[in-house]
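Note sheet for the following structure.
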Amino acid sequence: MTFYQIIAEGLFFAFIILVILGSLITIRAKILMQTVLGLAVALLGVAGIYFYLGSMFLTLMQILIYVGAICIVLVFGIMVGYTPTEVAEKGIKDWRNKFLAVTSAVAAFLLILACVLKTDWIPAVADDRNFSVAHLGEAFLYKYCLAFELISVILLIAIVGSIILARGGAGGMITDHPTVEEVDAVQEEKGEAST
Amino acid sequence: MISNHLNSYLILAVFLLIAGIYGLIQHRSFIGMLVSTELILNGAGINFMAFNRFLAPDPAVGQVITLFIMGIAAAEAAIVVSFILAVFRKYRSIDPDEVKELHG
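Protein sequence lines correspond, in order, to chains A and B.
If you're matching positions, the first sequence starts at 4 in our numbering and goes up one per residue.
If you're matching positions, the second sequence starts at 67 in our numbering and goes up one per residue.
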């Protein structure tokens, strides 16, 4: 094992520790902003893991899309509509939820771990191990053209849908929604007017 | 050389999956649940990339699927955040237990 291999292994462990620490912060933090920051740390670690799996392009995309875009969207979601103290206090009280969560997580972990360790993975016959971006782009434009087009349509629909949802319906800008009682009163008035 | 074995990546992906499941059940807000979902999706991405690196004949397949997962996650995050905003405006809360009423 040469010097560079030792450094590579050390970096691999560092990325694994980043992923584990980040996800532990994500699921244990009491403040929502810390939750999202833990997610960002975990996603950076996952980007490093992608590098070890041979894809430089996906490493960059992971940092750009996940750390750069999704985390920012989540931070906006927290800053616009979030009441800090209530949620934090409730997280500590509920033991039944915690019991359910631990049970299901441990059960899933043991089951999948048994599957992973018992399976005898057989590698396919490799025609070429071409991890270059040019090869990926060719695959996107010829063989997986449908996936490429689908993802653009899905993103467009998601953007339009989220704008409509955030503005408060297709009718236009509604800044203050009616409460349940107000809606019920209006419905009753309409019923009386028609009869 | 632990970075050259398929199992180490698969176990890391399983860890991300169970962290996501734990967070999904334990978090008491919609945003926390959304964040946990992102963890699960990343576990799936690591799985696809690991199988792509060690088992698949064509290395473009796993990358295409992982990019697809990233796109889905971005769309999902945008939709859910705007949905959370709409719910917060109506109920003044993002606790899933307090949002009980549906209207037709």
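C-beta atoms are modelled at their ideal positions from N, C-alpha and C, and glycine is treated no differently.
Model, not experiment: these values are computed from the prediction.
Note to self: Determine whether the beta carbon atoms of alanine 140 of chain B and alanine 108 of chain A lie at a separation below 9 Å.
What the structure shows: Not a contact, by the Cβ cut-off of 9 Å.
Next item on the list: Would you mind sorting glutamate 94 of chain B into buried or exposed? The rule is 16 or more other CB atoms within 10 Å of its CB.
Entry: Note that residue 94 of chain B is arginine in the sequence shown here, rather than glutamate. Residue burial is scored here from C-beta neighbours: arginine 94 of chain B has at least 16 other C-beta atoms within 10 angstroms and is therefore classed as buried.
Check: Going by the CB atoms, is the gap between valine 22 of chain A and alanine 43 of chain A shorter than 9 Å?
Finding: No, the Cβ-Cβ distance between alanine 43 of chain A and valine 22 of chain A is not below 9 Å.
Notebook entry, point to check: How would you label phenylalanine 120 of chain B, buried or exposed, when you count the other beta carbons within 10 angstroms and need 16 or more for buried?
Noted result: Residue burial is scored here from C-beta neighbours: phenylalanine 120 of chain B has at least 16 other C-beta atoms within 10 angstroms and is therefore classed as buried.
Next item on the list: Taking only beta carbons into account, state which residues of the stretch 124 to 155 of chain A come closer than 7 Å to chain B, listed in chain order.
Entry: Taking 7 Å as the Cβ-Cβ cut-off against chain B, the residues of the stretch 124 to 155 of chain A that qualify are Trp124, Pro126, Ala127, Val128, Ala129, Asp130, Arg132, Asn133, Phe134, His138, Leu139, Ala142, Phe143, Tyr147, Ala150, Ile154.
Notebook entry, point to check: Does any residue of chain A bring its CB to less than 9 Å from the CB of valine 165 of chain B?
Noted result: Not a single CB atom of chain A sits nearer than 9 Å to the CB of valine 165 of chain B.
Check: DSSP on glycine 171 of chain A, reduced to helix/strand/coil?
Finding: In the structure shown, glycine 171 of chain A falls within a coil segment according to DSSP collapsed to helix, strand and coil.
Check: Which residue's Cα is closest to the Cα of serine 159 of chain B: A:Arg99, A:Gly80, A:Asp97, A:Lys146?
Finding: Nearest C-alpha to serine 159 of chain B: A:Gly80.
Margin query: Any beta carbon of chain B sitting closer than 9 Å to that of alanine 188 of chain A?
Written below: No, alanine 188 of chain A does not count as interfacial toward chain B.
Check: Does phenylalanine 15 of chain A come within less than 9 Å of chain B when only Cβ atoms are used?
Finding: Interface residue, yes.
Next item on the list: Keeping to the same chain, check which residues put their C-beta closer than 8 Å to that of isoleucine 106 of chain B; ignore five residues upstream and five downstream.
Entry: Only Leu82, Leu83, Gly86, Ile87, Leu90 meet the Cβ criterion.
Next item on the list: Along the alpha helix (DSSP H) that carries histidine 71 of chain B, what are the first and last residues, could you check?
Entry: Premise fails: histidine 71 of chain B is in no alpha helix (DSSP H) and is neither H nor E.
Notebook entry, point to check: In whole angstroms, what separates the C-alpha of proline 125 of chain B from that of isoleucine 68 of chain A?
Noted result: C-alpha separation (whole angstroms): 21 Å.
Check: Excluding five sequence neighbours on each side, which residues of the same chain lie with their C-beta closer than 7 Å to the C-beta of phenylalanine 134 of chain A?
Finding: Beyond the five residues adjoining it in sequence on each side, phenylalanine 134 of chain A comes within less than 7 Å, by CB distance, of Gly57, Ser58 in the same chain, given in chain order.
Notebook entry, point to check: isoleucine 30 of chain A and leucine 46 of chain A: beta carbons closer than 9 Å?
Noted result: When the beta-carbon positions are compared, isoleucine 30 of chain A and leucine 46 of chain A stay at least 9 Å from each other.
Item checked: Simplified DSSP state of methionine 59 of chain A, which is helix, strand or coil -> In the structure shown, the three-state DSSP call for methionine 59 of chain A is helix.
Item checked: Member of B:Pro162, B:Val127, B:Phe154 whose CA lies at the smallest distance from the CA of arginine 132 of chain A -> The shortest CA-to-CA distance from arginine 132 of chain A to any of B:Pro162, B:Val127, B:Phe154 is the one to B:Val127.
Notebook entry, point to check: What did DSSP end up calling arginine 94 of chain B once you bin it into helix, strand or coil?
Noted result: Coil at arginine 94 of chain B, not helix or strand.
Note to self: Using a 10 Å radius around the Cβ and a threshold of 16 neighbouring Cβ atoms, would you call methionine 4 of chain A buried or exposed?
What the structure shows: Exposed.
Item checked: CB contact below 9 Å: glutamate 12 of chain A versus chain B -> Cβ-Cβ to chain B under 9 Å: yes for glutamate 12 of chain A.
Margin query: What residue range does the alpha helix (DSSP H) around glycine 128 of chain B cover?
Written below: Glycine 128 of chain B: member of the alpha helix (DSSP H) spanning 126 to 157, first to last residue.
Next item on the list: Take phenylalanine 172 of chain B and list the residues in its own chain whose beta-carbon comes closer than 6 Å to its own, dropping the five residues that flank it on each side.
Entry: Because chain B is modelled from 67 through 170, residue 172 of chain B falls outside the range shown and cannot be assessed.
Item checked: Contact belief for serine 148 of chain B with leucine 168 of chain A at Cβ below 8 Å, rounded distance in angstroms -> 4 Å between Cβ atoms; contact.
Margin query: Considering just the uninterrupted stretch of the alpha helix (DSSP H) at methionine 82 of chain A, what are its terminal residues?
Written below: Run containing methionine 82 of chain A: 74 to 83, per the alpha helix (DSSP H) assignment.
Note to self: Any beta carbon from chain B within less than 9 Å of isoleucine 66 of chain A's own beta carbon?
What the structure shows: Answer no: the Cβ-Cβ gap between isoleucine 66 of chain A and chain B never drops below 9 Å.
Note to self: Can you give me the C-alpha to C-alpha distance between isoleucine 154 of chain A and glycine 164 of chain A, rounded to a whole angstrom?
What the structure shows: Distance between the alpha carbons of isoleucine 154 of chain A and glycine 164 of chain A is about 15 Å.
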